[in-house]
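Engineer:
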Amino acid sequence: MPHRSGLIHSVWSLPHHHTPRYSSQSLVSEVKSGNFAIEDEPRSGCLIEVDCEQLKQIIDQDRNVSTRIIALELDVCQKTIINALKRIDITFKFNRWVPHELTAEDKRKRKAACLAMLRDQRMRKF
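Last residue of the sequence shown: 126 in full-length UniProt numbering, with the numbers rising by one and none dropped.
#1: Do you know how far the Cα of Leu118 is from the Cα of Arg63?
#2: Could you check the C-alpha separation between Ile90 and Ala113 for me, to the nearest Å?
#3: Whole angstroms are fine: how far does the CA of Ala116 sit from the CA of Met123?
#4: With distances taken between CB atoms, is the gap from Met74 to Gln54 smaller than 8 angstroms?
#5: Which value, in whole angstroms, describes the spacing of the CA atoms of Thr67 and His100?
#6: Using the C-alpha atoms, what's the distance from Ser26 back to Lys32?
#7: What distance in whole Å lies between the Cβ atoms of Arg108 and Cys52, which are believed to be in contact at a cut-off of 8 angstroms?
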């Protein structure tokens, strides 16, 4: 096995290699210890995934709940909750969480309102 400085030099001499010296040294020490795994080790910190079904249940129970409260309840970061809400198409409007897509009833109400405005516009005739 080559000397440590020889290993580091061989890593640094690779073409187009812009890895900081510390990263190269830690890579060499891991290879020397017999660790050839390329996957990252599990780390501590907030979870980055959240169960979308559980998130929907929480919002269905209380449409006025904040992302901070949901994050505390699910033990995840607030940004994780915000990203999950975007994925399941739920937005915060009029101080409550609402589905982004309209239901059939909402579409019917919107159509009726538009037709009423058109009718009123035609009756006034500018």
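Every residue, glycine too, gets a C-beta built ideally from N, C-alpha and C.
Structural biologist: Taking the coordinates as given:
#1: Each residue's CA atom was taken as its position, placing Arg63 and Leu118 some 33 angstroms apart.
#2: Spanning the two alpha carbons is a distance of roughly 24 angstroms.
#3: Distance between the alpha carbons of Met123 and Ala116 is about 11 angstroms.
#4: Before going further, note that residue 74 is Leu rather than Met in the sequence given. The Cβ-Cβ distance between Leu74 and Gln54 falls below 8 angstroms.
#5: One C-alpha to the other measures close to 17 angstroms.
#6: C-alpha of Lys32 to C-alpha of Ser26: approximately 10 angstroms in a straight line.
#7: Incorrect: roughly 28 angstroms between the Cβ atoms, too far for contact.
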